[in-house]
Amino acid sequence: MEPPIAVRLLAVLSAALILAAIHRAKRGRAPQVRRIPGVDAIDEALGRATEMGRPVIFSPGIGRLDNMMTIAALSVLKYVAQRCASFWIRVIVPIFEPVVLSAAGDILREAYRTAGVPERFDPSDVQFHSKDESAYAMGVTGIMRTERAAAGFYFGSFGYESLLIAEAGNKEGIIQVAATADFFQIPFFICACDYVLIGEELYA
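Quick note: the sequence shown uses this note's numbering, first residue 12, plus one each step.
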């Protein structure tokens with residue numbers, strides 16, 4: 012059975028638009044790509060931590076390792092860890108899921124090794140806290156206070172603990188960047204964080 016004429020016309024039109032965009036890009040007129048302020052804020056937050064000489068916290072959320080948001084969060088952790096290693100900033104990673112612990116540890120170890128300072132990697136900076144959301148939130152907020160963190164990054168899947176963590180960071184006066192595709196938690200991050208990547212911006 013052949014598709015309706017409207018579907019075929021739409022396919023031809025889409026192909027023509029794509030080819031036209033490719034042709035324009037080859038002639039030097041590439042489309043304008045919007046910058047995401049939350050992504051630019053990562054370097055701003057790391058710069059502040061460097062100036063203050065204080066550590067940063069990176070929470071990859073409560074998702075399992077097969078969760079797309081957790082995978083995206085670990086990709087951001089890799090970038091943050093590389094920058095922290097080159098600036099000699101300590102990065103503390105509180106973990107909710109035990110399986111994520113080993114992945115985050117490997118990312119930090121490799122970042123310090125790549126920066127040429129493998130001896131600065133401290134395995135205790137990747138900390139398993141709890142499989143209970145309230146206990147995990149209390150663990151993260153405890154680190155903020157005891158370690159006097161300068162910046163907090165919350166990327167990945169979150170539940171109600173998003174408000175507990177972000178509000179505590181706001182009270183501590185740390186610069187906070189958050190990203191999640193869980194629409195029920197985005198309002199809490201928007202209220203308490205300095206920069207928020209909303210929805211699919213997490214995967215950018």
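Just so you know, even glycine gets a beta-carbon here, dropped at the ideal spot from N, CA and C.
Note that the structure is predicted; figures quoted are calculated from it, not measured.
In the three-state reduction of the DSSP assignment, residue 127 falls in the coil class, being assigned neither a helical nor a strand state. Linking residue 113 to residue 48 through their CA atoms gives a straight-line distance of about 31 Å. Around the C-beta of residue 145, fewer than 16 other C-beta atoms lie within 10 Å, and the residue is accordingly described as exposed. Note that the stretch 187–204 does not touch the stretch 94–101; fewer than 3 beta-carbon pairs, one per stretch, sit closer than 8 Å. 8 Å or more divides the Cβ of residue 139 from the Cβ of residue 176. Taking all protein chains in view, the Cβ of residue 67 is crowded by 16 or more other Cβ atoms within 10 Å, so the residue is classified as buried. When rounded, the separation of the alpha-carbon atoms in residue 32 and residue 83 is 28 Å.
Rounded to the nearest angstrom, the Cβ distance from residue 71 to residue 61 is 22 Å, too far for a contact under 8 Å.
Runs of the beta strand (DSSP E) lying entirely within the stretch 172–200 and spanning at least 3 residues, in chain order: 186–191. With contacts defined by Cβ atoms closer than 8 Å, residue 160 and residue 154 form a contacting pair. Nearest in C-alpha terms to residue 88, of all of 64, 54, 59 and 63, is 54. According to the DSSP assignment, residue 31 belongs to no beta strand (DSSP E) but to the alpha helix (DSSP H) extending over 16–37.
Burial check for residue 95: the Cβ neighbour count within 10 Å reaches 16 or more, so the residue is buried.
Residue pairing by DSSP puts residue 72 in a beta bridge opposite 168. Pairing residue 213 with residue 166 gives a Cβ-Cβ distance under 8 Å.
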